[in-house]
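Trainee: Below you'll find the structure I mean.
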């Protein structure tokens, strides 16, 4: 029997976001700026970094957001790593988790199923999966000769870039573009698409129906 469609719980604004990061934190900064300008009814209650010493940590600290660094055990354990991510998030009473350039596979615990959103800098199912992150995505787009690319916001599952798609936004790929040009144009689309998806989630307008997301 197919699993019935399910709608994540409606969350009264401001929604409490946890943001998981692995790099410079530009998507994190976009959310911080939108919240400060009242353009997004949310608060960031916690940031989780996949490793120490990244720029996103400094951005979070500057905004006075609590930060933790995920623990990598020896020998490596996906279960322990995942718990070091979700333990602090759970303690912070986050409503929704945002994977904002988080480059590590993690298990999603049952209490966070349907409550984790990822943003990918391409139009899934193209240019996605293991190895397609950061500049590698835009180099592949440029080399392929495609005329459009964009970004995808989707509910995360426990594999790379395969969860149900919420929103996509396209941008052109111009003849003279470099990968950096494409990256800059895609990031502008990400800055619009991610907060829009968060707003739809907050309003209870998203229903997960197998591999699809219906927007009411």
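Numbering (the numbering used here), first residue to last: 35 to 250.
Ideal Cβ positions, reconstructed from N, Cα and C, are used throughout, including at glycine.
All figures in this text were calculated on a predicted structure; none of them were measured in a lab.
#1: Give me the Cα-Cα distance between residue 184 and residue 60, rounded to the nearest whole angstrom.
#2: For the ligand MN, any of its heavy atoms closer than 8 Å to the Cβ of residue 143?
#3: Identify which residue in 243, 244, 245 and 229 has its Cα closest to the Cα of residue 72.
#4: Compute the Euclidean distance between the alpha carbons of residue 212 and residue 40, then round it to the nearest angstrom.
#5: Cα separation between residue 189 and residue 234?
#6: Under three-state DSSP, which class holds residue 94?
#7: Applying the 10 Å Cβ sphere with the 16-neighbour rule, what's the burial state of residue 154?
#8: Leaving out the 5 sequence neighbours to the left and right, which residues in its chain are closer than 7 Å to residue 120 when beta-carbon positions are compared?
#9: Residue 222 to residue 207, Cα distance in whole Å?
#10: What does the Cβ neighbour count give for residue 244, buried or exposed, with the cut at 16 atoms within 10 Å?
#11: Helix, strand or coil: how does DSSP classify residue 152 here?
#12: In whole angstroms, give me the CA-to-CA distance for residue 149 and residue 75.
#13: Assuming residue 78 and residue 53 form a contact by the criterion Cβ under 8 Å, report the distance between their Cβ atoms to the nearest whole angstrom.
#14: Can you check DSSP and say which residues form a bridge with residue 106?
#15: Once you ignore the five residues that flank residue 195 on each side, which residues in its own chain have a CB closer than 7 Å to its CB?
Mentor: The answer reads as follows:
#1: 17 Å
#2: With respect to the ligand MN, the structure offers nothing, as it holds no ligand at all.
#3: 229
#4: 41 Å
#5: 13 Å
#6: helix
#7: buried
#8: 143 and 146
#9: 14 Å
#10: exposed
#11: strand
#12: 17 Å
#13: 6 Å
#14: According to DSSP, residue 106 bridges with nothing at all.
#15: 154, 158, 162 and 163
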